[in-house]
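A.B. asks: Under our numbering, the residue at position 434 of the first sequence is numbered 434, and the numbers go up by one with no gaps.
Glycine included, C-beta positions come from ideal geometry on N, C-alpha and C.
None of these values were measured; they are calculated from a predicted model.
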Amino acid sequence: MVRTRIAPSPTGADVHVGSVATALMNYAWAKKNKGQFIIRIEDTDRTRIVEGGEVQMLKTLKKIGLAADESPEVGGPYKPYRQSERLDIYKKHAEELVKKGKAYYCVCSPERLTKMREDQQANKLVPKYDRQCFDNQEEVIKKIKEGSRFVIRLLIPEGQIKFDDVVRGEITIETKNLDDQVLLKSDGFPTYHLGVVVDDYLMKITHVIRGEEWLPSTPKHIILYTAFGWELPVFAHISLLRNPDKSKLSKRKNPVWTSYYLEQGIFPEALLNYLAQMGWSHPEGKDIFSLDEYIKVFDIKDIQKTAPVFDPVKLEWMNGVYIREMKNEKLKTKIFEFLDKKYPEDLIERTIPLIKERIKKLSDYLPLCEFFFKAPEKYEIDLSGKKDFFGIVSAELKNINNWKSDLIGESLINLAKKLEIKNSQFFADIRMVITGKKISPPLNESMEILGKEACLKRLSVIK
RNA sequence: GGAGCGUUCGUCUAGUGGCCUAGGACAUCACCUUUUCAGGGUGAAUAUCAAGGGUUCGAAUCCCUUACGCUUCACCA
Numbered sequence: 001m002v003r004t005r006i007a008p009s010p011t012g013a014d015v016h017v018g019s020v021a022t023a024l025m026n027y028a029w030a031k032k033n034k035g036q037f038i039i040r041i042e043d044t045d046r047t048r049i050v051e052g053g054e055v056q057m058l059k060t061l062k063k064i065g066l067a068a069d070e071s072p073e074v075g076g077p078y079k080p081y082r083q084s085e086r087l088d089i090y091k092k093h094a095e096e097l098v099k100k101g102k103a104y105y106c107v108c109s110p111e112r113l114t115k116m117r118e119d120q121q122a123n124k125l126v127p128k129y130d131r132q133c134f135d136n137q138e139e140v141i142k143k144i145k146e147g148s149r150f151v152i153r154l155l156i157p158e159g160q161i162k163f164d165d166v167v168r169g170e171i172t173i174e175t176k177n178l179d180d181q182v183l184l185k186s187d188g189f190p191t192y193h194l195g196v197v198v199d200d201y202l203m204k205i206t207h208v209i210r211g212e213e214w215l216p217s218t219p220k221h222i223i224l225y226t227a228f229g230w231e232l233p234v235f236a237h238i239s240l241l242r243n244p245d246k247s248k249l250s251k252r253k254n255p256v257w258t259s260y261y262l263e264q265g266i267f268p269e270a271l272l273n274y275l276a277q278m279g280w281s282h283p284e285g286k287d288i289f290s291l292d293e294y295i296k297v298f299d300i301k302d303i304q305k306t307a308p309v310f311d312p313v314k315l316e317w318m319n320g321v322y323i324r325e326m327k328n329e330k331l332k333t334k335i336f337e338f339l340d341k342k343y344p345e346d347l348i349e350r351t352i353p354l355i356k357e358r359i360k361k362l363s364d365y366l367p368l369c370e371f372f373f374k375a376p377e378k379y380e381i382d383l384s385g386k387k388d389f390f391g392i393v394s395a396e397l398k399n400i401n402n403w404k405s406d407l408i409g410e411s412l413i414n415l416a417k418k419l420e421i422k423n424s425q426f427f428a429d430i431r432m433v434i435t436g437k438k439i440s441p442p443l444n445e446s447m448e449i450l451g452k453e454a455c456l457k458r459l460s461v462i463k
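Structure representation (structure tokens):
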């Protein structure tokens, strides 16, 4: 049985695209092995909680199509799936470790800890807790009984920790570089390290697939598993998405919230397809593949170690491919809904064949097609003084009884020839008066859709 | 600063000792298609495989050193 999870913290407004990439691998690995994919909310830092963040995250994850088998929303056999509702469990486990001599109470003040670290750094030492409280546990316990605030710290054993990472191979870390990590904070909440280990164990997580930022703290987690006497899960630390300057993908330098891309009209399928290729490639070299196909061919062993740069340009290209491959009917519905159903569906439908190859994301539609819904209010090129020209064009078009694009085109080409005007100039002016823009969908077809009357009216506006 | 991890075209990547005078995709450029823009087609340019040493008949692939980059060192996750 394979069970994977993502453990987002509601400390941001939405899901980070990097988290979606991680979620995708967790999801795919679980599904490939007929296992379960779990979402657990790690809301243990009350000072950083963003209002509405959790709701938004869950909503976005659902939109993106990575449905959880167990989560705060859908529940499950190991509920609750929100850490703030599991405080008793962590406390119990932390105290169990104290009893076993693997952890200890500490009443040091933040001020003392800060000063200690500053001194250590000034002396070029590794900043770590000096175990003052560990050496005086009886006294510390007495203080706690008198009401002192306290934390529980992990007692890091001497020696080295070795473990296998699916992505990175064998990792060795000397424990002398590790600090006696706080497990239970003075507010009664667990730190990430306690919470993640206890929950991953209790929720029977078999594969911990997470960002590489966790690699340095994995030895602490292993010490915890060992202290409890629990079997280790499989670890896979995947590379972080980067900004073009190679730093960790951040909102300062790139849009990172997943809904930003969704709101632009990037399809969830396209986003997932793109993200799938960050640090992994299809065995047959395919660029475009479905989530189902990904699940079939994906293997955590094939994940690459190098950290990829997130390239929105390639994402857009890929979304364009999805648009072009989509059935017209479906694309129409997507656009209709994207525009909040404010524009007539039947008219959108008629424009689809004209724009399908011209848009890369749904938000490209309106700038290109707004002229179908209302006459241009301004023109990108000044048309004043062309009244006579448009009068002639108008007269020509009036003669067309069967208002079809090919007949419109034929008629206009003949007129251009008669007037001895180059096609490019001739059509540019007409395009401008009809659409208001230098760039537009094919003109004749657009005019057919607009209808004879509307076109003649637009021609007559120029003074 | 310590520790850990990484380094193949601008970007995503293929590549696990001979098939690599390094392949594909995006982006770029050119040409064709054309009344704009796309799309499609054809083609081009771009990588001394971070650098230097080894091992080997043979290395992008194995080993070592250096450089650079990233992550991390909280009662944050």
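(1) Tell me whether F298 sits in a helix, a strand or coil according to DSSP, three-state version.
(2) What would DSSP say about H494, mapped onto helix, strand or coil?
(3) How big is the Cα-Cα spacing for K327 and I439?
(4) Below 7 angstroms between beta carbons: does that hold for F373 and I462?
(5) Use the C-beta contact count for S239: other C-beta atoms within 10 angstroms, 16 or more gives buried, fewer gives exposed.
(6) Would you call the CB atoms of K162 and H193 closer than 7 angstroms?
(7) Within 10 angstroms of its Cβ, does S250 collect 16 or more other Cβ (buried), or is it exposed?
(8) When we look at the beta-carbon of I434 and count the other beta-carbons within 10 Å, is it buried (16 or more) or exposed?
(9) Going by DSSP, what residues sit across from Y274 in a beta bridge?
(10) In angstroms, rounded to a whole number, what distance separates the CA positions of I355 and G76?
(11) Run through the DSSP bridge pairs and tell me what A236 is partnered with.
(12) Candidates T218, Y274, P268 and K437: which alpha carbon is nearest L241's?
(13) To the nearest angstrom, how far is it from the Cα of V107 to the Cα of R131?
(14) Between which two residues does the beta strand (DSSP E) harbouring K162 extend?
(15) Using the beta-carbon count (16 or more within 10 Å), is E54 buried or exposed?
(16) Could you name the residues of the same chain whose beta carbon sits closer than 7 angstroms to that of L24, not counting the 5 residues immediately before and after it, in chain order?
(17) May I have the straight-line CA-CA distance separating E158 from D200, to the nearest angstrom?
(18) Return the CA-CA distance between I6 and D245, expressed in angstroms with no decimal places.
(19) Who are the near neighbours of S148 in its chain, counting only those whose CB is closer than 7 angstroms to its CB and skipping five residues on each side?
(20) May I ask you to verify whether the stretch 340-350 touches the stretch 396-408, counting CB pairs closer than 8 angstroms and requiring at least 3?
(21) Less than 8 angstroms between the CB atoms is what I'm expecting for K332 and I348, so what's the real figure, rounded?
(22) Name the one or two DSSP bridge partners that G169 has.
(23) Does W29 come out as helix, strand or coil in the three-state DSSP assignment?
(24) Would you say the stretch 180-197 touches the stretch 93-107, given that touching needs at least three Cβ pairs under 8 angstroms?
(25) Return the chain-ordered list of same chain residues with a C-beta closer than 6 angstroms to the C-beta of M57, the five sequence neighbours on each side being excluded.
(26) Can you name the start and end residues of the beta strand (DSSP E) that T4 belongs to?
C.D. replies: Put simply:
(1) Within the first sequence, numbered from 1, the residue matching residue 298 stands at position 298. Here F298 sits in coil by DSSP.
(2) As shown, the chain starts at 1 and ends at 463. That puts residue 494 outside it, with no answer to give.
(3) Residue 327 sits at position 327 when you count from the first residue of the first sequence. Residue 439 sits at position 439 when you count from the first residue of the first sequence. Taking the straight line joining both Cα atoms gives about 25 angstroms.
(4) Translated into the one-based positions of the first sequence, residue 373 becomes position 373. Translated into the one-based positions of the first sequence, residue 462 becomes position 462. Taking 7 angstroms as the cut-off, the Cβ atoms of F373 and I462 do not count as close.
(5) On the first sequence, position 239 is the one that residue 239 refers to. Flag for S239 reads buried.
(6) Here residue 162 refers to the residue found at position 162 when the first sequence is read from its first residue. Here residue 193 refers to the residue found at position 193 when the first sequence is read from its first residue. The answer is no: Cβ separation not under 7 angstroms.
(7) Along the first sequence, read from residue 1 onward, the residue named residue 250 stands at position 250. Here S250 is exposed, its C-beta having fewer than 16 other C-beta atoms within 10 Å.
(8) By 1-based counting over the first sequence, the position of residue 434 is 434. By the 16-neighbour rule on beta-carbons within 10 angstroms, I434 is buried.
(9) The sequence position of residue 274 within the first sequence is 274, counting from 1. Paired residue(s): none; Y274 is not in a bridge.
(10) Start at 1 with the first residue of the first sequence, and residue 355 comes out as number 355. Start at 1 with the first residue of the first sequence, and residue 76 comes out as number 76. Between I355 and G76, the C-alpha separation is close to 45 angstroms.
(11) Sequence index remark: in the first sequence, residue 236 carries index 236 (1-based). A236 pairs with I209.
(12) Within the first sequence, residue 241 is the residue found at index 241, counting from 1. The shortest CA-to-CA distance from L241 to any of T218, Y274, P268 and K437 is the one to Y274.
(13) Counted from its first residue, the first sequence places residue 107 at position 107. Counted from its first residue, the first sequence places residue 131 at position 131. If you take the alpha carbons of V107 and R131, they lie about 11 angstroms apart.
(14) Within the first sequence, numbered from 1, the residue matching residue 162 stands at position 162. Element bounds for K162: Q160 to D165.
(15) Position 54 of the first sequence, counted from the start, is the residue given in the question as residue 54. Flag for E54 reads buried.
(16) As a first step, residue 24 must be located in the first sequence, where it is residue number 24. The residues are L66, L272, L275 and A276.
(17) Position 158 of the first sequence holds residue 158. Position 200 of the first sequence holds residue 200. Going by the C-alpha atoms only, they are around 25 angstroms apart.
(18) Along the first sequence, read from residue 1 onward, the residue named residue 6 stands at position 6. Along the first sequence, read from residue 1 onward, the residue named residue 245 stands at position 245. Roughly 27 angstroms separates the two Cα atoms.
(19) Locating residue 148 in the first sequence gives position 148, where the first residue counts as 1. Excluding residues within five positions, the ones whose Cβ falls inside 7 angstroms are V107.
(20) They do not touch, by the three-pair rule.
(21) For this step, residue 332 is matched to residue 332 along the first sequence. For this step, residue 348 is matched to residue 348 along the first sequence. Yes, they are in contact, since the Cβ atoms of K332 and I348 sit about 5 angstroms apart, within 8 angstroms.
(22) In the first sequence, counting from the first residue as 1, residue 169 sits at position 169. Per DSSP, D165.
(23) Taking the first sequence and counting its residues from 1, the one referred to as residue 29 is at position 29. Note: W29 maps to helix in three-state DSSP.
(24) In the pairwise beta carbon analysis, the stretch 180-197 is classified as touching the stretch 93-107: at least three pairs are separated by under 8 angstroms.
(25) Counted from its first residue, the first sequence places residue 57 at position 57. Answer for M57: P8 and V15, listed in chain order.
(26) Position 4 of the first sequence, counted from the first residue, corresponds to residue 4. Looking at the DSSP string, the run of the beta strand (DSSP E) that includes T4 is R3 to I6.
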